[in-house]
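Residue numbers (the numbering used here): 1 to 172.
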């Protein structure tokens with residue numbers, strides 16, 4: 001038996017399984033990440049700790065796709081899920097979500113299958129990061145008119161051209 005340093009204080013030490021569960025719960029609560037569990041076929045969200053980014057749920061939900069994913073993105077998310085299920089490999093997708101404040105945000109969502117001894121999927125455990133700020137900054141860069149970018153590079157081009165001309169046309 002492993003000494004956890006927790007025995008004798010308030011009674012018997014928790015079992016290894018219970019201690020593992022408590023550690024996982026503490027890690028989830030300490031993390032800014034969204035943490036979730038899905039059924040083997042992703043038809044049911046079993047639990048989601050939204051980290052202040054997405055609405056929390058402790059109740060199973062079969063309507064999670066409609067509740068969390070904007071309509072126009074559901075097909076892309078579903079296709080990525082189907083591929084992960086078929087290959088029993090990592091689900092990883094950056095996609096839009098409905099935030100806890102009702103707005104639309106972006107997340108990088110990753111989930112791994114938990115397999116039984118026969119290699120069949122029991123459920124999925126996942127985490128998601130809020131990447132909204134990065135996506136908005138990228139969009140601002142794309143929306144910056146090319147004329148503004150080009151006008152800032154004119155002095156540099158002029159300097160480079162003048163320097164090149166001076167190198168090739170030096171007096172003897």
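Ideal Cβ positions, reconstructed from N, Cα and C, are used throughout, including at glycine. Bear in mind the structure is a predicted one, so any value in this text is a computation, not a measurement.
- Here residue 31 is exposed: its Cβ has fewer than 16 other Cβ atoms, across all protein chains shown, within 10 Å.
- With respect to the 9 Å criterion, residue 29 and residue 49 are classified as neighbours on the basis of their beta carbons.
- Positions of the alpha helix (DSSP H) runs, each at least 4 residues long and wholly inside the stretch 65–131, are given as 74–87 in order along the chain.
- Residue range 45–49 is occupied by the beta strand (DSSP E) that includes residue 49.
- Collapsing the DSSP output to three states places residue 60 in coil.
- Residue 121 places its beta carbon less than 9 Å from that of residue 85.
- Cβ-Cβ distances below 8 Å link residue 78 to 65 in the same chain, with the five nearest sequence neighbours on each side left out; the list follows chain order.
- With 16 or more other CB atoms across the displayed protein chains lying within 10 angstroms of its CB, residue 81 is buried.
- Counted as a single uninterrupted DSSP element, the beta strand (DSSP E) harbouring residue 39 occupies residues 34–39.
- Residue 31 carries a coil assignment under DSSP once its states are collapsed to helix, strand and coil.
- The Cβ atoms of residue 33 and residue 127 sit closer than 9 Å to each other.
- By the CB criterion at 9 Å, residue 129 and residue 107 fall inside the cutoff.
- Secondary structure at residue 20: helix, using DSSP grouped into helix, strand and coil.
- Restricting attention to 72, 42, 75, the CA atom closest to the CA of residue 61 is found in 42.
- DSSP places residue 133 within a helical segment (H, G or I) once states are collapsed to three.
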